[in-house]
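Numbering follows the working numbering, in which position 28 of the sequence shown is assigned residue number 28; successive positions increment by one, without gaps.
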Amino acid sequence: MELIVIFLLAVAFTAIVPFTLLGSHLGFVSPLTQFYSLLAAVDRIHLVIVEVTKRNFYQMGLLMRPLLNHKRDSITET
């Protein structure tokens, strides 16, 4: 839970800094609204790909488990 809070605070800080006096002092410029829309779309696509890959990985692991156990048993028998 603490990690999520720290992550959200970091995201909020980096999103707000360009609009502050500190941001202008550091030479940051305010990004366009389209940038945030594109960033949100890319982020969602990334999360979907990660979730699908994770599910496929674990499903493949469950399918491979009997094969791995059989191979291990045959090695110990010899």
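The beta-carbon is built from N, C-alpha and C at its ideal position, and this holds for glycine as well.
Per-residue DSSP class, three states only, for residue i
| i | result |
| --- | --- |
| PRO18 | helix |
| SER24 | helix |
| LEU9 | helix |
| VAL29 | coil |
| MET60 | helix |
Identity of the residue in the options nearest residue i by Cα
| i | options | result |
| --- | --- | --- |
| ALA15 | TYR58, ARG44, VAL5 and SER30 | SER30 |
| PHE28 | GLN34, THR20 and PHE35 | THR20 |
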